[in-house]
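Single-structure report; data block below.
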């Protein structure tokens with residue numbers, strides 16, 4: 001069992017930045033993938049970015065060039081740096097972890113609101 005604790009959401013003006021953090025309750029060394037999804041009202045949950053076992057990072061087209069995912073194995077934490085935020089980035093952001101045997105875990109979600 002893995003617990004994922006998210007932090008860093010909030011209200012920001014368009015063009016601003018936020019950094020989301022997701023800390024896992026156990027080592028993330030050797031996991032299959034870890035990253036962030038988001039779900040806006042009335043929409044399906046979608047991948048924002050994730051990093052795989054081999055170190056490859058995948059980004060949604062909407063995140064490319066604005067968001068950066070990074071990983072700190074020593075702290076069992078992944079970070080999502082979000083720059084140039086837009087109102088359409090408003091959503092609940094969920095941390096996701098897929099362990100080495102395919103088990104999937106989710107955080108509780110953190111609200112990101114981009115509004116003037």
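Residue numbers (my numbering): 1 to 116.
For each residue, glycine too, the CB sits at the ideal point set by N, CA and C.
As the structure is a prediction and not an experimental result, all values here were calculated from the model.
Residue i versus residue j: straight-line alpha-carbon distance, rounded
i: residue 13; j: residue 67; result: 16 Å
i: residue 72; j: residue 55; result: 12 Å
i: residue 88; j: residue 1; result: 33 Å
i: residue 28; j: residue 77; result: 8 Å
i: residue 90; j: residue 30; result: 32 Å
Residue range of the unbroken beta strand (DSSP E) whose run includes residue i
i: residue 19; result: 18 to 24
i: residue 63; result: That residue, residue 63, is in no beta strand (DSSP E); it is neither H nor E in DSSP.
i: residue 99; result: Element bounds for residue 99: n/a, residue is neither H nor E.
i: residue 81; result: 77 to 82
i: residue 10; result: 10 to 12
i: residue 111; result: 110 to 114
Contacting residues, own chain, Cβ-Cβ under 6 Å from residue i (five flanking each side not counted)
i: residue 6; result: 22, 95, 107, 110
CB contact below 8 Å: residue i versus chain B
i: residue 90; result: No chain B appears in the structure shown, which is made up of a single protein chain.
### Query
Which whole runs of the beta strand (DSSP E) in the segment 29 to 59 are 3 residues long or more, in chain order?
33 to 39, 46 to 52, 57 to 59
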